[in-house]
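For the sequence shown, our numbering gives the first residue as 385, with consecutive numbering after it. Cβ coordinates follow ideal geometry from the N, Cα and C atoms, glycine included. Just below is one structure, and these are the notes that go with it.
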Amino acid sequence: MLLRRARRRPHARTSSRLFATYAAASLVPVVALGALVLHSYRNDAAEQGRAQGLAQAAVIAEMAVAPALNTEDRTGGAGIDDGLTAEQSDGMREATEQAIFRGSVLRLRLRSFSGRVLFSDDGSTSGGVPVADADFQAAANGESRATVIGTEVIRVLQPLVASASGQSIGVIELYLPYRAIADRFHAQVSQTWWRIGGGLAALYLVLALLAWWTTRSLSRYAARQEHQAMHDILTGLPNRAAFRKRAEAVLREGGTGAIVLSDLNRFKEVNDTLGHHAGDELLRMVAGRMRAALGPDDLLARLGGDEFAIMLPGRSAAEAVTLLNEVRNRITAEMILDGVPLNIEAAFGVSVYPEHGTQLKELKQHADFAMYQGKRGATGIVVYSGDGAGHPHQWLVIQAELRHALEREELVLHYQPKVALPGGEVCGVEALVRWQHPQRGLLPPGEFLPAAEHSGLIVPLTEWVLRRALADQVGWTATGQEWTLSVNVSARNLEVRGFPEFVEDLLVASGVPPHRLMLEITETALAGDTDEVVRAITELGRYGIGISVDDFGTGYTSLSHLRGLPITEIKIDRAFVADVARDQQSQAIVRSVIELAHGLGSRATAEGVETPEVRRWLAEAGCDEAQGYLFGRPVPWPQISVNEQTAHVEGVTR
385 MLLRRARRRP HARTSSRLFA TYAAASLVPV VALGALVLHS YRNDAAEQGR AQGLAQAAVI
445 AEMAVAPALN TEDRTGGAGI DDGLTAEQSD GMREATEQAI FRGSVLRLRL RSFSGRVLFS
505 DDGSTSGGVP VADADFQAAA NGESRATVIG TEVIRVLQPL VASASGQSIG VIELYLPYRA
565 IADRFHAQVS QTWWRIGGGL AALYLVLALL AWWTTRSLSR YAARQEHQAM HDILTGLPNR
625 AAFRKRAEAV LREGGTGAIV LSDLNRFKEV NDTLGHHAGD ELLRMVAGRM RAALGPDDLL
685 ARLGGDEFAI MLPGRSAAEA VTLLNEVRNR ITAEMILDGV PLNIEAAFGV SVYPEHGTQL
745 KELKQHADFA MYQGKRGATG IVVYSGDGAG HPHQWLVIQA ELRHALEREE LVLHYQPKVA
805 LPGGEVCGVE ALVRWQHPQR GLLPPGEFLP AAEHSGLIVP LTEWVLRRAL ADQVGWTATG
865 QEWTLSVNVS ARNLEVRGFP EFVEDLLVAS GVPPHRLMLE ITETALAGDT DEVVRAITEL
925 GRYGIGISVD DFGTGYTSLS HLRGLPITEI KIDRAFVADV ARDQQSQAIV RSVIELAHGL
985 GSRATAEGVE TPEVRRWLAE AGCDEAQGYL FGRPVPWPQI SVNEQTAHVE GVTR
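This is the structure we're talking about:
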């Protein structure tokens, strides 16, 4: 199926890029932390070297240099600018040679405050740290200074303090070996670095795993969000948005194919009877059965509720119907819901592109119109024929205007008389709604009833007709006319829970006896959602309200549908009545319907009677009542006045 498989490569690439970004971002702080630790250890090592150098210099100054110079003879802190005695020089040389021999000192100089070299281990009398150097000045003032030079040497400037006065009398310039300190530090740092490095590596690994898990979770979440945005959660099918996107793409590519809209029959009954959980399970089962019957290039989507859409690329109307018959057979196979075996049916409307249009909106409107016709008939699969092509385009406008028409009292009722045969006296009237449109004038029901029935407006419209007709009936009853009132009701009205009770309440409120109200139900309504309709008809009959089967002979009613129903009247469709005076087949059909009606204990009424010849034939055939232009056109009830001899409606000519 199209759109069945989610495209994972873009998500995988996005996930990889996101993981790489996270990994790189995690690596930066880890490396920075390692560099900071290393820099800190290096500073610590240099500081340790300087501290050790200062300590070693202090020991050398106190334990070697001071005794060699015999600083007790120096007083006043006057310094040693006048030089060293031979004895002092020998003492310094001996002490220095021992220190250098042991490797604790690399070089030693004894200098005066003026910078003069008074003693040097190598005998030189020049060189060394300049007098202006800050370290030299600090040592001259009694403060020791140590500096690490490269990786081999620590230079220390140590004040020479006279033991007698405690004052600085010169400066000792020492060069001590740093390699041993550096090696010890390096070993320490290496050990520590391995530990820290291992910890940082473990930290980075944890961060990398977290990054991988996070990116994977985000990628899956994004994929789920994208899937949910384009798929129905209940059935897993593409949703309305996904269907529109894919269908429009296919239509842009050209070619031929079909758009199908499907609606389940009796779905509301399943929800109301077994509960919404059963309804959800039903939708899942139907979706699975439909998907199994379609090909890999066909697109199945759930638009919402119990409505599905199918796109069949490359299929002709005949091929689409053949495939949909298979789909329908799978759907209607028995299923078990909550232990209850049931059969579900569906209506399918088909529009073919480019024959019926090239835009998805137009094709869906045509398919919707065809599906509506399918729900009214028994075939269940209807291909849009182009008849009434303007209806789908205008229905939304008509529905919106009709809502306002109900509020503004723009609807009016006309009544067509029904006469008894053979006498011709008026025995009843049929209420027919008209719309006094402010721009288009007086509209017949065919202009707006299909749109009303398709949208659900038929329910408030029928309620309005019943209220107004019963009010008018009270009016003509007050004038002495005992006419029975006939009102057309839709299958949708019968499916509304509480409709029989609503009608009974209206009768009680108006004071009209139930037997003087006749509800006319089209034959196709009986062929549709039978259980709902039968339940409502039975309850209405129990209240004493008459039930009439309208347009009999044009629909698909099985005789089993009539059995057990409280049918009061069967109306023979005008298609069989118009030429009944001269066509033998029409005569046979009409006689059969009259006998069927009488056999069921009902009256037979002929519609569309327009000539005296037809009237005479019907009377001779035993038809009970007749209706048509011969007796009167629909007019407001005060204008109804029939002459029993001429059977003419006053003020109206044929």
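Check for me: the beta strand (DSSP E) holding residue i runs from which residue to which?
i, result
"Asp935", "Gly930 to Phe936"
"Leu841", "No beta strand (DSSP E) holds Leu841; DSSP gives it neither H nor E."
"Phe520", "Looking at the DSSP string, Phe520 is not in any beta strand (DSSP E); the run it does join, the alpha helix (DSSP H), is Ala518 to Ala524."
"Phe692", "Glu691 to Pro697"
"Ala530", "Arg529 to Ile533"
"Ala685", "Leu683 to Gly688"
Three-state secondary structure (DSSP) at residue i?
i, result
"Tyr559", "strand"
"Val813", "strand"
"Phe883", "helix"
"Tyr799", "strand"
"Trp867", "coil"
"Tyr1013", "coil"
"Val501", "strand"
"Leu417", "helix"
"Thr906", "strand"
"Ile951", "coil"
"Arg824", "coil"
"Gln1023", "helix"
"Ile765", "strand"
"Ser601", "helix"
"Ser372", "Nothing about residue 372 can be reported from this structure: the residues present for the chain run from 385 to 1038 only."
"Ala789", "helix"
"Asn427", "helix"
"Asn877", "helix"
"Gly965", "For the sequence presented, residue 965 should be read as Ala rather than Gly. Coil."
"Asn655", "helix"
"Leu833", "helix"
"Leu494", "strand"
Answer yes or no: do residue i and residue j have a C-beta to C-beta separation smaller than 8 Å?
i, j, result
"Arg495", "Glu557", "yes"
"Val803", "Glu1009", "yes"
"Val654", "Gly663", "yes"
"Arg529", "Leu541", "yes"
"Ala988", "Val977", "yes"
"Val786", "Phe732", "Note that residue 786 corresponds to Leu in the displayed sequence, not to Val. No, these two residues do not count as a Cβ contact at 8 Å."
"Gly992", "Pro801", "no"
"Phe497", "Ala524", "yes"
"Ala685", "Asn623", "yes"
"Trp848", "Leu795", "yes"
"Glu866", "Gln1011", "no"
"Glu904", "Ser932", "yes"
"Ala607", "Leu744", "no"
"Leu648", "Ile728", "yes"
"Ala789", "Gly764", "no"
Terminal residues of the continuous alpha helix (DSSP H) containing residue i?
i, result
"Val974", "Gln968 to Gly983"
"Ile643", "Unbroken run through Ile643 is the beta strand (DSSP E), Gly641 to Asn649; no alpha helix (DSSP H)."
"Val670", "His660 to Ala677"
"Ala631", "Arg624 to Arg636"
"Ala988", "That residue, Ala988, is in no alpha helix (DSSP H); its beta strand (DSSP E) goes Arg987 to Ala990."
"Val961", "Arg958 to Val961"
"Val489", "First-last for Val489: undefined, no H or E at that position."
"Leu541", "First-last for Leu541: Val537 to Val545, but that is the beta strand (DSSP E), not the alpha helix (DSSP H)."
"Glu997", "Pro996 to Ala1005"
Within a Cβ cutoff of 6 Å, which residues of the same chain sit near residue i, ignoring the five residues on either side of it in sequence?
i, result
"Gly772", "With a pLDDT of 48 at Gly772, under the threshold of 50, the modelled position of that residue is not reliable, and no figure is offered here."
"Gly487", "none"
"Leu645", "Ala693, Gly733, Ala751, Asp752 and Met755"
"Val634", "Pro697"
"Leu901", "Leu869 and Ile929"
"Glu536", "Tyr562 and Arg563"
Kindly list the residues whose CB is nearer than 7 Å to the CB of residue i, restricted to its own chain and excluding five residues on each side of it in sequence; keep chain order.
i, result
"Pro1018", "His798, Tyr799, Gln800 and Leu816"
Kindly list the residues whose CB is nearer than 8 Å to the CB of residue i, restricted to its own chain and excluding five residues on each side of it in sequence; keep chain order.
i, result
"Leu417", "Leu584"
"Leu468", "Leu453, Met476, Leu494, Leu502 and Phe503"
"Leu1014", "Val993, Glu994, Thr995, Pro996, Val998, Arg999, Ala1031 and Arg1038"
"Pro822", "Glu794"
"Leu984", "Leu946, Ile951 and Ile954"
"Gln1020", "This sequence places Pro at residue 1020; Gln is not what is there. Once the five neighbours on either side are set aside, the close Cβ partners of Pro1020 are Val796, Leu797, His798 and Tyr799."
"Thr742", "Leu635"
Going by the C-beta, is residue i closer than 7 Å to any heavy atom of the ligand ADP?
i, result
"Val858", "As presented, the structure is devoid of all ligands, the ligand ADP included, so that no description of it is given."
Complete alpha helix (DSSP H) runs within the stretch 698-749 (minimum length 4 residues, chain order): Those alpha helix (DSSP H) runs which fall completely within the stretch 698-749 and span 4+ residues are 701-716.
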